[in-house]
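Okay, structure first, notes after.
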DNA sequence: CGTCCACAGGAAAGCGCGGGTG
DNA sequence: CACCCGCGCTTTCCTGTGGACG
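Residue numbers (the UniProt record's numbering): 1 to 415.
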């Protein structure tokens, strides 16, 4: 049997991929060629206008871009800044892209930006990943800017994930406070419309951002986005209507291009697994669920075990009681029970309240405050956002080795 | 209509980490 | 090398909140 399986493996590796011709075209992180950016001409034009003066050595405007996920915000920002960088002739333009959901504290973000812009051979400045104080990172960043660049474009993706506004404050005021001669332009990207409005007034006055709203893609635009990636597949493999259906399903949900591409890719992989020669509409429908899983995996897969356990507590309560929201007290008992089962030291109730708020901020949970009056006090009721599939979220929340042995029907979670 | 309950969430202090510095 | 420092996470403590109860 052993040698047989060796043959099977060799057989699969040796055969050309029957479905995909150039799979990277439908990879999540694939950055399309400029001519393949579809339906965002207005947005590209608008952003370019704001950054126009940069290539003459003037000050670029600060920009806040907001719009739903998968509407091409990061894509357009990266594209335009890259073009600006290459078009500038007498001006040294540096661009740094950071994802604030990875670097969610000010220090991490500054350190990352400094490292992106640095060239140690030229500056002689070293930027360690951690261990320095915030102010030292800023000092080093400013000397790098002075040394190497006339203009710096700093793209802060998921800018709302930054814990506070310190980073925006410092960057936007760096020139007026004389920290650097480099002209710093900030492009802050957020998928929360409220975030831009809630930016505190101090930040707003020094940032004075131009606001750019990216609207969702409609089904036609999604369709042409997918058409542009048809080459990922071998000729004739996609049945008629597959692209149209993928686009339609994604448009129904959020008008999210990433989701549309995910659906198409997963449909291909599904067809592959089933040894099918073509990708059918049936594969597409099956892929939608997988795409949804991927989305949640990105969203919550990287959370700490504590936050995952909190979420798992909520989903387990959902499954066992059938109700759709729960007071924090109930969530906390469920959480501590779950902690016990998986052998994790439970945090205090105060801390778990923070976890719940955090999950609500990520749009995974809905949270609602209610005053129960004399005997009840104020309580937060939290439940899964109705748009989300309970089974999927539950499954992803429990993706950690420590949950491996947990059988949710047997784990008593409520009193 | 004032009281009062019980939880929300801000403030501050403690702790461990992983670097830098002399 | 020993020592120090700031950060991020957590706990502890405590004030604020607002509708039901009497």
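Ideal Cβ positions, reconstructed from N, Cα and C, are used throughout, including at glycine.
These figures come from a predicted structure and were not determined experimentally.
Only exposed fits residue 220, as fewer than 16 other CB atoms lie within 10 angstroms of its CB. By the Cβ criterion, the region 240 to 260 is in contact with the region 57 to 71, since at least three pairs of Cβ atoms, one from each stretch, lie closer than 8 Å. Leaving aside the five residues that flank residue 171 on each side, the residues in its chain whose CB is nearer than 8 Å to its CB run, in chain order, 154, 184, 186.
In the DSSP assignment, residue 99 falls outside any alpha helix (DSSP H) and within the unbroken beta strand (DSSP E) covering 93 to 99. About 5 Å separates the beta carbon of residue 99 from that of residue 157, a gap short enough to meet the 8 Å contact definition. Annotation: residue 376 to residue 329 spans about 11 Å, alpha carbon to alpha carbon. Each residue's CA atom was taken as its position, placing residue 211 and residue 297 some 30 Å apart.
Here the alpha carbons of residue 167 and residue 214 stand approximately 24 Å from one another. Beta-bridge analysis with DSSP links residue 64 to 188, 211. One Cα belongs to residue 45, the other to residue 113, and the distance between them is close to 26 Å.
DSSP, reduced to helix, strand and coil, places residue 227 within a helical segment of the structure shown.
In the same chain as residue 245, and ignoring 5 residues on each side of it, the C-beta atoms closer than 7 Å to its own belong to 281, 284, in chain order. Between the region 51 to 66 and the region 81 to 98 there are three or more C-beta pairs closer than 8 Å, enough to call the two in contact.
Bounds of the beta strand (DSSP E) holding residue 369 are 365 to 371.
Taking 8 Å as the cut-off, the Cβ atoms of residue 261 and residue 229 count as close. The residues 362, 364, in chain order, have a CB closer than 7 Å to that of residue 299 in the same chain once the five nearest residues on each side in sequence are set aside. The three-state reading of DSSP puts residue 383 in strand, counting E and B together.
The beta carbons of residue 352 and residue 310 sit closer together than 8 Å. Counting along the chain, residue 342 sits inside the alpha helix (DSSP H) bounded by residues 328 to 342.
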